[in-house]
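Asks: Below you'll find the structure I mean.
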Amino acid sequence: MKFLLIGIYLVLTVSGLVFMKLGGNSGTISLNEGNIGFSINWISAIGFLCYLCSFLLFTRIVIMFDLSYIMPICTGIVQIATLVASKIVFKEAISIQGIIGASIVIIGIIIMNLPKNITT
6 MKFLLIGIYL VLTVSGLVFM KLGGNSGTIS LNEGNIGFSI NWISAIGFLC YLCSFLLFTR
66 IVIMFDLSYI MPICTGIVQI ATLVASKIVF KEAISIQGII GASIVIIGII IMNLPKNITT
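For the sequence shown, the numbering used here begins at 6 and goes up steadily by one.
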């Protein structure tokens, strides 16, 4: 169940970022006589909703795991998934530095999941 929640968190986070970018710069923020106005299009709203849900879900996930374990792993996977999504959805170029960096992140995730024989 814990890992299913992590999977849902990852999907919501990456889809939230993708939808916010798809929504573009159509939103406006205004300040008029002490009132704050805010408007966005529906695509950006879906992105914000996904991202908000992912944040709320992550607050539950950090309770279930050691923070020093789950934070770097989730952050790393989100970075890799965002890199892949940006390539697929937005046709963004991935540089050799991006590939090397993603590879290092993947290696780090693997190392963090190796059996632990030594504790500090």
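Note that the Cβ used here is the ideal one computed from N, Cα and C, for glycine as well.
#1: To the nearest angstrom, how far is the alpha carbon of Leu36 from that of Cys55?
#2: Determine the direct distance from the alpha carbon of Val23 to that of Phe70, and round the result to whole angstroms.
#3: Going by C-alpha to C-alpha distance, which of Ala98, Ser100, Ile99, Ile111 sits closest to Val83?
#4: Buried or exposed for Leu72, please, with buried defined as at least 16 other CB atoms from any protein chain shown within 10 angstroms of its CB.
#5: Where does the unbroken beta strand (DSSP E) through Gly42 begin, and where does it stop?
#6: From Glu50 to Ile104, what does the alpha carbon distance come to, in whole angstroms?
#7: On the DSSP letters alone, give me the boundaries of the alpha helix (DSSP H) that Asn100 sits inside.
#8: Would you grab the beta carbon distance between Ile78 and Met117 for me? Rounded to a whole angstrom, and I think it's under 8 Å.
#9: So within the region 49-106, which uninterrupted alpha helix (DSSP H) runs reach at least 4 residues, ignoring any that extend past its ends?
Replies: On the basis of the supplied data:
#1: Locating residue 36 in the sequence shown gives position 31, counting from the first residue. Locating residue 55 in the sequence shown gives position 50, counting from the first residue. Roughly 26 Å between the two C-alpha positions.
#2: For this step, residue 70 is matched to residue 65 along the sequence shown. For this step, residue 23 is matched to residue 18 along the sequence shown. Near 27 Å, if we compare the C-alpha coordinates of Val23 and Phe70.
#3: By one-based count along the sequence shown, residue 83 stands at place 78. Out of Ala98, Ser100, Ile99, Ile111, Ile111 has the C-alpha closest to the C-alpha of Val83.
#4: As a first step, residue 72 must be located in the sequence shown, where it is residue number 67. Classification for Leu72: exposed.
#5: As a position in the sequence shown, residue 42 is number 37, starting the count at 1. Looking at the DSSP string, the run of the beta strand (DSSP E) that includes Gly42 is 40-44.
#6: To locate residue 50, count along the sequence shown from 1; it is residue 45. To locate residue 104, count along the sequence shown from 1; it is residue 99. Note on residue identity: the sequence assigns Ala, not Glu, to residue 50. Looking at the two C-alpha atoms, the distance is approximately 31 Å.
#7: Walking along the sequence shown from the start, residue 100 turns up at place 95. Correcting the residue type first, residue 100 is Ser in the shown sequence and not Asn. Element bounds for Ser100: n/a, residue is neither H nor E.
#8: Position 73 of the sequence shown holds residue 78. Position 112 of the sequence shown holds residue 117. That pair is a contact at about 6 Å.
#9: 72-95
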